[in-house]
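A.B. asks: Structure provided below as structure tokens; questions to follow.
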Amino acid sequence: MVDQHTEVTLGHNYDGIEEFDNRLPNWWLFTLYGAIVFAVGYWLFYQTFGIGYSQNQAWNREVELAAQAQIEREMGKEVTDASLLLMTKVPAQVDAGAKIFQQKCVQCHRADQGGDIGPNLTDDYWIHGPDPIQLYNTAMNGVQDKGMPSWKDQLGPVRVRQVVAFVITRKGANVAGGKAPQGKSTAEWEKENAAAPAPTAPEKLKEAAVEKPK
Ligand code: HEC
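Residue numbers (my numbering): 1 to 214.
Structure below.
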């Protein structure tokens with residue numbers, strides 16, 4: 001190594017140990033300036049423009065993705081009666097559904113699901129069928145000419161599953177002051193569904209809807 005010692009000392013002398021006034025080594029200066037440049041970039045990237053995920057955001061995102069994967073593992077990618085019933089056993093899913101219901105459904109089905117503009121969801125009577133998959137199809141596709149919106153685009157299949165899981169848990173709650181029964185009783189539906197297997201396609205659901213009260 002080149003000896004860069006200058007003869008200029010700072011005049012400090014401690015027991016014969018003197019302090020030189022040397023240039024700072026380049027490697028040291030590069031580290032310092034590099035750190036400053038990095039800090040500015042880091043600040044802009046995470047704080048000012050919010051491009052990068054903060055640790056909290058990264059964590060939340062991972063939790064979200066894990067929840068999504070969890071749904072697919074537990075409920076399957078296919079929506080069936082069984083998969084929807086299974087979902088009602090998972091408190092996190094039902095809670096999520098309850099929140100969605102409070103946001104999107106209460107104005108027509110009432111906060112206790114007793115019905116208002118829309119039918120009572122806690123009684124034993126159903127216009128479009130009580131089977132989980134029938135509820136799911138009704139919520140996904142809506143009943144446009146009767147004022148029930150389609151939730152397919154606004155909520156998407158996962159959140160519709162959650163809200164339907166919640167609705168299933170409210171079946172038979174028979175809340176006080178609910179709207180008068182509309183449609184056919186579960187027993188009647190069961191007879192009908194047994195004769196013709198529960199519709200899984202929206203087309204079939206419409207057929208079922210047309211041949212209403214006897
Ligand atoms: C703008 C009012 C409105 C909103 C908001 C609404 N609904 Fe409905 N809903 C209705 C009406 C009206 C019907 C009855 C349709 C018919 O008569 O065919 C209905 C029917 C239903 C049915 C079928 C009931 C049966 O007897 O077969 C289900 C299930 C349902 N809604 C769930 C939901 C869910 C879940 C949400 C929120 C994501 C929701 N609704 C939001 C008005 C609404």
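For glycine and all other residues, C-beta sits at the position ideal for the given N, C-alpha and C.
If you're wondering where the values come from, they're calculated on a predicted model, not measured in any experiment.
#1: Could you name each continuous alpha helix (DSSP H) segment of 4 residues or more that falls completely within the region 21 to 97, going from the start of the chain to the end?
#2: Locate the alpha helix (DSSP H) running through residue 11, then write down its first and last residues.
#3: May I ask you to report which of helix, strand or coil DSSP gives residue 171?
#4: For residue 17, list the residues DSSP reports as bridge partners.
#5: Does residue 99 come out as helix, strand or coil in the three-state DSSP assignment?
#6: Take every Cβ of the region 122 to 129, pair it with every Cβ of the region 40 to 53, and state whether three or more of those distances are shorter than 8 Å.
#7: Mind checking residue 32: buried by the 16 CB within 10 Å criterion, or exposed?
#8: How should residue 17 be labelled, buried or exposed, when 16 other C-beta atoms within 10 angstroms of its C-beta is the threshold for buried?
#9: Starting from residue 127, trace the alpha helix (DSSP H) in both directions and tell me its first and last residue.
C.D. replies: A quick look at the data gives this:
#1: 26 to 43, 55 to 75 and 81 to 87
#2: Segment 9 to 14 is the beta strand (DSSP E) holding residue 11; no alpha helix (DSSP H) there.
#3: coil
#4: 14
#5: helix
#6: no
#7: exposed
#8: exposed
#9: Element bounds for residue 127: n/a, residue is neither H nor E.
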